[in-house]
Amino acid sequence: MLQVAWLIPLLPFIAFWVILFRGRRLPGEGAYVAIGALGLSGLLSLVILGQVMFGGRYQATMVWAMMGDRPLAVGYAVDPLTAVMLFVVTVVGSLIFIYSVGYMHADPRYPRFFAYLSLFAASMLLLVLANNFLVLYAGWELVGLCSYLLIGFWFERPAAARASMKAFVTTRVGDFFMFLGILLLFFTVGSLQFDAVFAAVQTGSLAGPLLTLAAVLIFGGAVGKSAQIPLHVWLPDAMEGPTPVSALIHAATMVAAGVYLVARTYALFFSSPDHLALTVVAYIGGLTALMAATIGIVQDDIKRVLAYSTISQLGYMMLGLGVLGYTAGVFHLMTHAFFKALLFLAAGSVIHAMNTNDIKEMGGLAKVMPVTYVTMLVGGLALAGVPPFAGFWSKDEILLEAYHHDRTLFYLGAAGAFVTAFYVFRMIFYTFTGSLRSHTAHPHESPQVMTVPLIVLAAFSGVIGLVGAPWPLVGNMFHRFVHFEAAEGAPFDLRFAALSTAIAGAGILAAAVVYRWQLVSSATLRRVLAPAYAVLVHKYWWDEFYAVSVVRPVVWVAQQLRTFDVYAIDGAVNAIGVVFVWLSRLYRVFDLYVVDGAVNLVGWLAKAAGGRLRHVQTGRAQNYLLVIALGVIVLAVIGLTR
Amino acid sequence: MQVGLTSYLIVAALLFCLGLYGVLTRRNAVAILMGIELMLNAANINLVAFNRFVAPAAVAGQVFALVIITLAACEAAVGLALVMAAYRSLETIQVDEINLMKW
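Sequence order for the protein chains is A and B. Residue numbers 4 to 645, in the numbering used here, belong to the letters of the first sequence in order. Residue numbers 957 to 1059, in the numbering used here, belong to the letters of the second sequence in order.
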């Protein structure tokens, strides 16, 4: 089955075209086609995952074009990391697709939504299957395109249109660095194959500052896609898209691509002198984890809470990768995909019921929407890192690695973990406990097509972490499956696990004190911590900073260039036009009198000559005869007198 | 007085000139045909005279004259037929009035 791995991205890709052209005429208006195609890909991925577990590996490459004497190859490879990603993307993706049937019900562009979703899944699957930078970059950009299309799916809303553009432009900034990195690798190594690049790193032909530079440039792409500081600003705005899109972007596909990229090219980062590139990754990840988590505390939009949570969790993944916890980072990527998809879909279910995103208008929904409540609670516990839910195992592992590697990073991560537990339970308490604060809403439980994916995802979120648990006898199974030779993880430490559980518990407890039991009112907290609150509510002024430092100068330059265009370039063009109009008027006169005159003169001459000469032709035979006779006489006279 | 070759030639030349004059000056198609007859007969006189005075043994001149008489008869027949046809369609036999094909 490994040889047909190319079918996995192809099936959703075909579904995309079929839905695009057939649309409403398809069964289920295209939804069944999309779900069927991705479901088949999911089955294939499961088979492939099984085969890879038992040692199967496969790689296929073909030369696509020659660049001078350097071949540009395309191809795909299946290895443990790819297999895990295929599994996560297809399974989580399929559940989100099914959920969308309910959530997008009666949307005017329903088939198109499924077409875009299919293309999104296909791009992501292409990205993870790639065995070289070229195909990976193609998938990478396709993912960016799809995110643009889906975030701006409700483009009638100006906020959505702006958000899609912001997401696209911001990630393009990162992509630009990544492209530079890829070019750097191509010109130093001469190949875009992962194997060739890693071999060059191994043999030392690519080393030193150049290697660090290449790794950091590649990381630039990951920073953009995975919404790390300083390019994280697009992700909260991306919440303008439909909720299943948010789930797809923030769980299984787009943001995961950045982490996947760092994991895939880990050899580059690992071999840079003094792990410099990894240190960059770790610090950016750690700072992002804490900063985004703190912003999450003050958000009132349920989706924005989750958006900042996503940024923060991506920061953890980067942190994990950066502190030599290769397995921990990838493991967190996988568990996060499940519990964040769950949280988003549960939030979507709440929004579907309430018709608002504001958690302050909700309350007491636990009684009305029990399935959503329970599943979201599972997701929240997983996110907070409470054993035995998924998030605990991966986050604990990351914190452990950070503790052994760099204490500063550990403190960042630990503080972030406390804040994470706090904001997610603040959200849950606001939404599901107390009494309903809105007087206009009539909440109801969502239809089964939405709750069943929630239940399945909740089940995954509950148990998926166990594959990375330190079992007696077999040890950490996930670690044995996906690992990087030189970066072996630290052994599980029971006391450390207790510590991280305590951090999560403290966060939940603090949230409960404020928002459940209301021993301290949140208004008092806001007053006491006014300066900190101001910082958080303005999201550390990142947007304002970009508005002043990037947007305004760019707009100013654009305006200047417009002025230049209008007056200088248009003026020059118009001047040339005027000159040529005058020149052609001159030419017209010349044509009219000189050229036409000459032609007419020739005609007139011929006509005049003909008019004169026609009298010679009298048409009377006797005249001709007279001339002949005279001619004969003249000839006779000449003949006789000579 | 012995009538010599020169006399015959002078008569023939005068006859030819008369015929030519008639052809050139007449406007009536029948008169033109008559002029042509005169010119042919002038040629006949020449042939017969040369036969008589230059080579009396041969009869080539006589034969030529006979052929020309035949030809003249044919010519008169065709010419008069044309004149008849022209008269029927155009109601004139004045050659200067038959100018349909003139520019």
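Glycine included, C-beta positions come from ideal geometry on N, C-alpha and C.
Please state whether the Cβ-Cβ distance between residue i and residue j is less than 9 Å.
i, j, result
"N1000 (chain B)", "A1029 (chain B)", "no"
"A125 (chain A)", "A241 (chain A)", "no"
"T330 (chain A)", "H482 (chain A)", "yes"
"G419 (chain A)", "A296 (chain A)", "yes"
"V301 (chain A)", "V540 (chain A)", "yes"
"A250 (chain A)", "F117 (chain A)", "no"
"G193 (chain A)", "Q231 (chain A)", "no"
"H447 (chain A)", "M365 (chain A)", "no"
"I506 (chain A)", "F421 (chain A)", "yes"
"A266 (chain A)", "F201 (chain A)", "no"
"A537 (chain A)", "Y426 (chain A)", "no"
Whole angstroms are fine: how far does the CA of residue j sit from the CA of residue i?
i, j, result
"L98 (chain A)", "V576 (chain A)", "58 Å"
"L234 (chain A)", "G351 (chain A)", "26 Å"
"S274 (chain A)", "L317 (chain A)", "23 Å"
"F158 (chain A)", "S150 (chain A)", "13 Å"
"W9 (chain A)", "L132 (chain A)", "8 Å"
"L281 (chain A)", "G325 (chain A)", "5 Å"
"G224 (chain A)", "V236 (chain A)", "15 Å"
"M65 (chain A)", "A76 (chain A)", "6 Å"
"G1035 (chain B)", "V619 (chain A)", "27 Å"
"R175 (chain A)", "G323 (chain A)", "25 Å"
"L220 (chain A)", "F342 (chain A)", "30 Å"
"A344 (chain A)", "F567 (chain A)", "49 Å"
"P456 (chain A)", "I101 (chain A)", "7 Å"
"R115 (chain A)", "F24 (chain A)", "10 Å"
"F548 (chain A)", "P556 (chain A)", "12 Å"
"V138 (chain A)", "L129 (chain A)", "7 Å"
"A1013 (chain B)", "G960 (chain B)", "18 Å"
"A424 (chain A)", "F395 (chain A)", "11 Å"
"D303 (chain A)", "N360 (chain A)", "8 Å"
"L648 (chain A)", "L14 (chain A)", "Outside the shown range of chain A (4 to 645) lies residue 648 (chain A), about which nothing can therefore be said."
"D399 (chain A)", "A509 (chain A)", "15 Å"
"A199 (chain A)", "P12 (chain A)", "24 Å"
"W559 (chain A)", "W545 (chain A)", "20 Å"
"L238 (chain A)", "I579 (chain A)", "49 Å"
In this structure, how does DSSP classify residue i when only helix, strand and coil are distinguished?
i, result
"F347 (chain A)", "helix"
"A76 (chain A)", "strand"
"W157 (chain A)", "coil"
"Q1050 (chain B)", "strand"
"Q451 (chain A)", "helix"
"P1012 (chain B)", "coil"
"D304 (chain A)", "strand"
"T64 (chain A)", "strand"
"G332 (chain A)", "helix"
"Q196 (chain A)", "strand"
"P473 (chain A)", "strand"
"D496 (chain A)", "coil"
"G478 (chain A)", "strand"
"N577 (chain A)", "helix"
"N984 (chain B)", "strand"
"A210 (chain A)", "coil"
"F487 (chain A)", "strand"
"N358 (chain A)", "coil"
When the Cα of residue i is compared with those of the options, which residue comes out closest?
i, options, result
"V95 (chain A)", "A:T454, A:R519 and A:F463", "A:F463"
"I467 (chain A)", "A:T504, A:P446, A:Y543 and A:V381", "A:V381"
"H486 (chain A)", "A:M56, A:L188, A:S438 and A:M4", "A:M56"
"G147 (chain A)", "A:F24, A:H253, A:T411 and A:V470", "A:H253"
"F428 (chain A)", "A:A199, A:I511 and A:F117", "A:I511"
"H278 (chain A)", "A:A259, A:D409, A:L643 and A:L460", "A:D409"
"C973 (chain B)", "A:Y426, A:L629 and A:L638", "A:L629"
"L502 (chain A)", "A:G471, A:L402, A:G580 and A:S524", "A:L402"
"F156 (chain A)", "A:D361, A:A578 and A:M107", "A:M107"
"G975 (chain B)", "B:L1003, B:M990, B:Y1043 and B:A1037", "B:M990"
"P245 (chain A)", "A:G177, A:L327, A:V138 and A:A162", "A:A162"
"S167 (chain A)", "A:V248, A:R498 and A:V598", "A:V248"
"Y964 (chain B)", "B:V1010, B:Q1050 and B:V1039", "B:V1010"
Could you check whether the Cβ of residue i sits closer than 8 Å to any heavy atom belonging to the ligand ATP?
i, result
"S48 (chain A)", "For the structure depicted, the ligand ATP is absent and the ligand set is empty, with no information on it obtainable."
Subject >> Ranges of the alpha helix (DSSP H) found wholly within the stretch 511-557 of chain A, counting only runs of at least 4 >> reply: Whole alpha helix (DSSP H) segments, 4+ residues: 525-531, 533-540 and 545-549.
Subject >> Continuous alpha helix (DSSP H) assignments of at least 4 residues falling wholly in the stretch 219-302 of chain A >> reply: 237-240, 246-250, 257-267, 269-274 and 279-300, all fully within the stretch 219-302 of chain A.
Original post:
Which ranges would you report for the alpha helix (DSSP H) in the stretch 388-465 of chain A if only whole runs of at least 4 residues count?
Top reply: Runs of the alpha helix (DSSP H) inside the stretch 388-465 of chain A: 393-408 and 410-435.
**OP:** Identify every run of the alpha helix (DSSP H) within the stretch 66-111 of chain A, keeping only runs that are complete inside it and at least 4 residues long; order them along the chain.
**Re:** If we require 4 residues or more, the alpha helix (DSSP H) runs fully inside the stretch 66-111 of chain A come out as 83-106.
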